[in-house]
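Chemist: Handing you a structure now.
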Amino acid sequence: MEYHLLEVVDRWDWRVLATIIRVEGSSYQKEGTCMLFGENGTQMGILSGGCLEEDLAAKADDVWRTKAATVVVYDLTQEDDFSWGQVGCNGTIRVLLQPLTTSFRAHLLAVKACLDRGEHVVFARLIEEAQIKQPWLFVTESGQTFGELSEIHDELINILQTIPSFSTANGIRSIGERSIYVHHFWPKPRLILFGATPDARPLASFAHQLGFRVIVVDWRPAYGDAQYFPFAEIKHGFPREVIPTLSLHERDFVVVMTHHFQRDQEILALLRDKPLYYLGVLGSKARTARLFGGHIPSTIRSPVGHAIGARSPEEIAISIVAEMIEALRKGGKR
449 MEYHLLEVVD
459 RWDWRVLATI
469 IRVEGSSYQK
479 EGTCMLFGEN
489 GTQMGILSGG
499 CLEEDLAAKA
509 DDVWRTKAAT
519 VVVYDLTQED
529 DFSWGQVGCN
539 GTIRVLLQPL
549 TTSFRAHLLA
559 VKACLDRGEH
569 VVFARLIEEA
579 QIKQPWLFVT
589 ESGQTFGELS
599 EIHDELINIL
609 QTIPSFSTAN
619 GIRSIGERSI
629 YVHHFWPKPR
639 LILFGATPDA
649 RPLASFAHQL
659 GFRVIVVDWR
669 PAYGDAQYFP
679 FAEIKHGFPR
689 EVIPTLSLHE
699 RDFVVVMTHH
709 FQRDQEILAL
719 LRDKPLYYLG
729 VLGSKARTAR
739 LFGGHIPSTI
749 RSPVGHAIGA
759 RSPEEIAISI
769 VAEMIEALRK
779 GGKR
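With the numbering used here as the guide, the letters of the sequence shown map in order to residues 449 to 782.
Listed below in structure tokens is the structure:
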């Protein structure tokens, strides 16, 4: 579930959460994609490119009226005039509609609080009949639980502890003899930019728009003005002072772009043993090799960003953000 949806569930004009829980064949979106339906036909998010949303909105009204979750199945493989075919997909899609009742809404707000603390949360709900009345369970990375499906607690803990960071392994699982939909909520990935130079501005902006929490670090008083980084947290100080305060971990993205050779060298030395998800260095491969004394470690993205022939700061930022998104989707693999 996208973070921006969690930011609005405290508003009671949003009534029903729709989630794709299974896809067989091709579809516009994959398992775990969510959208909200509200009063007066309001919608946030997209599941099918506009093909199914009108029908889902009508069904969402019924779900809100009855306060009973349900699963809707759309068969997009047929091509006759009376089917859901010919909509650009060729698969079967199952959508879970859940009313935002007082308790479920409160649990989603608790999930948001966990994400704001940097915690991964996993959600499970029984999917056994067309109308879903069974309870659900949330388990957090710190061991907190809320919900009533306690009999699968141990299985969810195992999933939490073994799944790779940012995995999108949402979908229906068999746990014992029961079919259970499992959904992962990941905190916003952090992007730490070392260097508040002008070419860092579009990168910070694009990353923010795509759901990253951005932190900009620079030791130079003239840099890091808040007007240039309105959506970022700015930290002033030398690398040896700031890095220990960041609590860097295995889900962090870092880009080094100070344009200062000795300072880049110092930053990379301080980051050497940090278990980062992504570490990129702006500049040519030859410059990066000199930063490391001749050999670039395999964990370093150099030159950072995809090779799209970028020239302007905005183009370079796009190439870097594209590479970061690819890393997110591929579990950090190249």
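Virtual Cβ for every residue (Gly too), placed ideally from N, Cα, C.
Give the C-beta separation of residue 544 and residue 629 to the nearest angstrom, bearing in mind that I take them to be a contact with Cβ-Cβ under 8 Å.
Modeler: Right, the Cβ-Cβ distance comes to about 6 Å (below 8 Å), so this counts as a contact.
Chemist: Looking at the strands, I want to know which residues DSSP matches up with residue 586.
Modeler: Partner(s): 571 and 594.
Chemist: Buried or exposed for residue 753, please, with buried defined as at least 16 other CB atoms from any protein chain shown within 10 angstroms of its CB.
Modeler: When all chains shown are included, residue 753 counts as buried.
Chemist: Taking only the alpha-carbon atoms, compute the straight-line gap between residue 744 and residue 517 and give it to the nearest angstrom.
Modeler: Answer to the nearest angstrom: the Cα atoms are 53 Å apart.
Chemist: Given a threshold of 16 other Cβ atoms within 10 Å of its Cβ, counted over all protein chains shown, does residue 470 qualify as buried or as exposed?
Modeler: Residue 470 should be labelled buried.
Chemist: Residue 678 by DSSP, collapsed to three states: which one?
Modeler: Coil.
Chemist: Report the rounded CA-to-CA distance for residue 655 versus residue 625, giving the unit in angstroms.
Modeler: Spanning the two alpha carbons is a distance of roughly 42 Å.
Chemist: For residue 485, list the residues DSSP reports as bridge partners.
Modeler: Paired residues: 464 and 491.
Chemist: Check the DSSP bridge columns for residue 623 and list the partner residues they point to.
Modeler: According to DSSP, residue 623 bridges with 626.
Chemist: Roughly how many whole angstroms lie between the Cα atoms of residue 555 and residue 463?
Modeler: Their Cα atoms are separated by approximately 14 Å.
Chemist: What does the alpha-carbon distance come out to for the pair residue 522 and residue 485?
Modeler: C-alpha separation (whole angstroms): 18 Å.
Chemist: Where residue 594 and residue 495 are concerned, what is the direct C-alpha to C-alpha distance, given to the nearest angstrom?
Modeler: Approximately 27 Å between the Cα atoms of the pair.
Chemist: Can you give the Cα-Cα distance for residue 755 and residue 747, rounded to whole angstroms?
Modeler: Distance between the alpha carbons of residue 755 and residue 747 is about 18 Å.
Chemist: Which residues share a DSSP beta bridge with residue 840?
Modeler: Only positions 449 to 782 of the chain appear in the structure, and residue 840 is not among them; the question remains open.
Chemist: Determine the closest residue to residue 479 out of 633, 616, 757 and 768, with distance taken between C-alpha atoms.
Modeler: With distances taken between Cα atoms, residue 479 lies closest to 616.
Chemist: Counting pairs of Cβ atoms below 8 Å between the region 758-773 and the region 644-651, do you hit three or more?
Modeler: Yes, the region 758-773 touches the region 644-651.
Chemist: So, is residue 643 buried or exposed, given that buried needs 16 or more other C-beta atoms within 10 angstroms?
Modeler: Per the 10 Å Cβ criterion, buried.
Chemist: For residue 570, which residues in the same chain have their Cβ closer than 6 Å to its Cβ, ignoring the five residues on either side in sequence?
Modeler: Cβ within range, chain order: 587, 604, 607, 608 and 632.
Chemist: Cα separation between residue 684 and residue 667?
Modeler: Cα to Cα, the separation comes out at about 5 Å.
Chemist: In the DSSP assignment, find the beta strand (DSSP E) that holds residue 641 and state where it starts and stops.
Modeler: Note, residue 641: beta strand (DSSP E), 638-642.
Chemist: I'd like the span of the alpha helix (DSSP H) that includes residue 548, first residue to last.
Modeler: Element bounds for residue 548: n/a, residue is neither H nor E.
Chemist: Would you kindly work out how many angstroms separate the C-alpha atoms of residue 506 and residue 483, rounded to a whole number?
Modeler: When rounded, the distance between both Cα atoms is 14 Å.
Chemist: Evaluate residue 568 with the Cβ neighbour count: other Cβ atoms within 10 Å of its Cβ, from every protein chain shown; 16 or more gives buried, anything less gives exposed.
Modeler: By the neighbour-count rule (16 or more Cβ atoms within 10 Å), residue 568 is buried.
Chemist: My guess is that residue 687 and residue 718 are in contact by the Cβ rule of under 8 Å, so how many angstroms apart are they, rounded?
Modeler: Rounded, the Cβ-Cβ distance is 6 Å, consistent with contact.
Chemist: Just to confirm, is the Cβ distance from residue 635 to residue 542 under 9 Å?
Modeler: No, these two residues do not count as a Cβ contact at 9 Å.
Chemist: Going by DSSP in three states, residue 651 sits in which element: helix, strand or coil?
Modeler: DSSP places residue 651 in helix when its eight states are reduced to three.
Chemist: Under the rule that 16 or more other beta-carbon atoms within 10 Å means buried, what is residue 775, buried or exposed?
Modeler: Residue 775 is buried by the Cβ-count criterion.
Chemist: For the alpha helix (DSSP H) that residue 457 lies in, which residues bound it at each end?
Modeler: Residue 457 -> no alpha helix (DSSP H), and no H or E assigned at all.
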